[in-house]
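Working notes, beginning with the structure itself.
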Amino acid sequence: GQNIDQPTEMTATEGAIVQINCTYQTSGFNGLFWYQQHAGEAPTFLSYNVLDGLEEKGRFSSFLSRSKGYSYLLLKELQMKDSASYLCAVRDGTAGANNLFFGTGTRLTVIP
Amino acid sequence: ETGVTQSPTHLIKTRGQQVTLRCSSQSGHNTVSWYQQALGQGPQFIFQYYREEENGRGNFPPRFSGLQFPNYSSELNVNALELDDSALYLCASSLARGQGARNYGYTFGSGTRLTVV
Chain A
138 GQNIDQPTEM TATEGAIVQI NCTYQTSGFN GLFWYQQHAG EAPTFLSYNV LDGLEEKGRF
198 SSFLSRSKGY SYLLLKELQM KDSASYLCAV RDGTAGANNL FFGTGTRLTV IP
Chain B
5 ETGVTQSPTH LIKTRGQQVT LRCSSQSGHN TVSWYQQALG QGPQFIFQYY REEENGRGNF
65 PPRFSGLQFP NYSSELNVNA LELDDSALYL CASSLARGQG ARNYGYTFGS GTRLTVV
């Protein structure tokens, strides 16, 4: 099975940097995704890691350590519009199925 | 390139009834996954369809069933609705492993908000 943990809520100040952590356990790891989801809307893709290391994409970066079952999403220069839920998702490649499993999501509130 | 389309957007059903939700996959995608998202929770994997067959299933009872059609669109059927089935149901399309881009990206629809009363 899969076990994906991330903090439920975080608060950060506009202009600051915030790091959202995610730990996971899965038998057939085949990549880790981060999604952003505003209330009542569809998740939108932010980043993807399958090898260890840091992937940078503008204000967003994501890190993966497969040996530790650990990832984080780093958001820089926070803006009010970054207030949303951030979902960590692990793809399980067991039997070639490549099913995607989500954590509970971290609700980030950006304050002035 | 069209995205993922789900219908209807909102639905109210009575406990014990049956419901069918529909999803049209993104152009070029051949795999569809369905998720249930309760308020304040992350999406929970229901099942995935590839080549018109179920290709992985989460921890959901048999009253949750699905179909995929030759044009890769999909349906989610839920029988004997319960109050706890009230949720946002999300559909995501993708390319199956080995057939696409490095990250086999998933594209999500805007979901169907189901309320069971």
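Residue numbers (the numbering used here), protein chains in the order written: chain A, 138 to 249; chain B, 5 to 121. We put the CB at the ideal spot given by N, CA and C, even for glycine. Predicted model, so just to flag it, every value in this text is computed and none were measured.
Any chain B beta carbon closer than 8 Å to residue i
i: A234/A; result: yes
i: G190/A; result: no
i: G242/A; result: yes
i: L245/A; result: no
Below-8 Å beta-carbon distance, residue i vs any chain A residue
i: E71/B; result: In the sequence as presented, Glu is not what sits at residue 71/B; that position holds Leu. Judged by the 8 Å Cβ criterion, L71/B is not in contact with chain A.
i: A42/B; result: no
i: A100/B; result: yes
i: Q52/B; result: yes
Residue environment, residue i, which counts as buried when at least 16 other CB atoms sit within 10 Å
i: P180/A; result: buried
i: P47/B; result: buried
i: D229/A; result: buried
i: A153/A; result: exposed
i: G60/B; result: buried
i: Q52/B; result: buried
i: H33/B; result: buried
i: Q21/B; result: exposed
i: T111/B; result: buried
i: G89/B; result: Checking the displayed sequence, the identity of residue 89/B turns out to be Asp instead of Gly. Buried, since its Cβ has 16 or more Cβ neighbours within 10 Å.
Chain-ordered neighbours of residue i on chain B, where CB pairs are closer than 8 Å
i: F239/A; result: Y39, G46, P47, Q48, F49
i: L224/A; result: G46, P47
Contact list for residue i against chain B, beta-carbon separation under 7 Å
i: A179/A; result: L94, F112, G113, S114, G115
Proximal residues to residue i (C-beta, below 8 Å), its chain only, five neighbours per side dropped
i: T18/B; result: L85, V120, V121
i: M147/A; result: V155, I157, T243, R244, L245, T246
i: S77/B; result: R26, C27, S28, S29, V36
i: N167/A; result: V187, R228, D229, G230, N235
Under 7 Å by beta carbon: chain A residues contacting residue i
i: G60/B; result: A234, N236
6 Å Cβ shell around residue i - same chain, five flanking residues per side excluded
i: G11/B; result: In the sequence as displayed, the identity of residue 11/B is Ser instead of Gly. Closer than 6 Å at Cβ, skipping near neighbours: R26.
i: A42/B; result: A91
i: T160/A; result: D142, G206, Y207
i: A226/A; result: F170, L237, F239
i: R117/B; result: H14, L92
i: C80/B; result: The sequence given here has Leu at residue 80/B, not Cys. So the qualifying residues of the chain are L25, W38, G70.
i: N117/A; result: Any answer about residue 117/A is impossible in this case: the structure gives chain A only from 138 up to 249.
Same chain only: Cβ atoms within 7 Å of residue i, ignoring 5 sequence neighbours per side
i: L196/A; result: The identity of residue 196/A in the sequence shown is Arg, whereas the question assumes Leu. Cβ within range, chain order: L212, K213, E214.
i: L191/A; result: S198, F200
i: R203/A; result: F166, D189
i: T6/B; result: Q30, S31
i: S16/B; result: The identity of residue 16/B in the sequence shown is Ile, whereas the question assumes Ser. Counting only Cβ-Cβ distances below 7 Å, and skipping sequence neighbours, we find T119, V121.
Chain B residues whose Cβ lies nearer than 9 Å to that of residue i
i: F182/A; result: N107, G109, Y110, T111, F112
Taking the runs of the beta strand (DSSP E) that are 3 residues or longer, which of them lie wholly in the segment 6 to 41 of chain B? Fully enclosed beta strand (DSSP E) runs of 3 or longer: 9 to 11, 14 to 17, 23 to 28, 35 to 41.
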